[in-house]
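Residue numbers (UniProt numbering): 1 to 298.
No residue lacks a Cβ here, since even glycine has one placed at the ideal position from N, Cα and C.
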């Protein structure tokens, strides 16, 4: 818990500072509105200033930035040690953002999100020509997800879409606690929102379904939502994750590898790298996945 904000624009120091140059806010008590409001205000100010924050999601802790601020997105990537070739996915508060940020979204995609959002599902669609986001080398696609985490959705309702990737250095374990994120990202992040230990999906990433080439969808990554569940809503969905030796290794197959294997052009989607596959052991996952992206999470 933190002290109350007493003056406009002032961000109070937490009772237990996370360390020099950044602040940590205890958001574990969802009924403590004063603490939640204080934390949200601090996060908004950091985001407005172009600084990244760390926030809990329904999969792993994420590092987020204003999706409309290219400099802020670059700071997010720098904090992770990543380049523009792996753009972050975008977290949104409500499915209605899909039609605002993407075009040519098939009915099957909207039916799927209506059934499974909020949840650990990332959809990849063609980005709108009017989309004012510079997320990196997206190849004209965008990955979108509504997380099943009330604190994060509440913040998204206040801030609008956020570019969010897993809160870890590339190649290192994903953060399932705020301490994990602090240890890896430290002063590269302005504000840490501590939502406690994340166990909802046991470290599994979001399931990634691409709708840019087939209206019935193509699975680019298996994750918390099973193939059987997807097939209930998308009976003709194509599973591109093949030759999978072990379920926990599924995220090791990058979007680029999957696309090449099926002689398809890679949409820019953040996919987990081999050393960053997520499983109970938690390797790198973006709380969702996005344009030409790598993880996400997305």
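Straight-line measurement puts the Cα of residue 206 at about 16 Å from the Cα of residue 95.
About 16 Å separates the CB atoms of residue 39 and residue 198; that is not less than 8 Å, and the two are not in contact. For secondary structure counted as the beta strand (DSSP E) over 3 or more consecutive residues, the stretch 45–78 holds these complete runs in sequence order: 53–55 and 62–66. In this structure, residue 33 sits away from residue 50, with a CB-CB distance that is not shorter than 8 Å.
Just so you know, the alpha carbons of residue 62 and residue 175 end up roughly 8 Å apart. Contact annotation: residue 81 and residue 187 have beta-carbon atoms that are not nearer than 8 Å. With respect to residue 58, residue 200 sits close: the two C-beta atoms are nearer than 8 Å. With a 10 Å radius around the Cβ and a threshold of 16 neighbouring Cβ atoms, residue 37 comes out exposed.
Straight-line measurement puts the Cα of residue 163 at about 31 Å from the Cα of residue 235. The beta carbons of residue 46 and residue 190 sit about 4 Å from each other, so the pair counts as a contact at 8 Å.
Fully enclosed beta strand (DSSP E) runs of no fewer than 3 residues occupy 162–166, 191–194 and 207–210 of the stretch 142–220, in order along the chain. When the Cα atoms are used, residue 135 and residue 48 turn out to be separated by approximately 17 Å.
If you draw a straight line from the Cα of residue 128 to the Cα of residue 70, it is about 17 Å long.
Annotation: residue 56 to residue 141 spans about 25 Å, alpha carbon to alpha carbon.
The beta carbon of residue 184 sits closer than 8 Å to the beta carbons of 167, 168, 169, 172 and 175 from its chain, once the five residues preceding and following it are set aside; these are given in chain order. In summary, residue 224 is buried, with 16 or more beta-carbon neighbours lying within 10 Å of its beta-carbon over all protein chains present. For residue 103, the pairing in a beta bridge is given by DSSP as 126.
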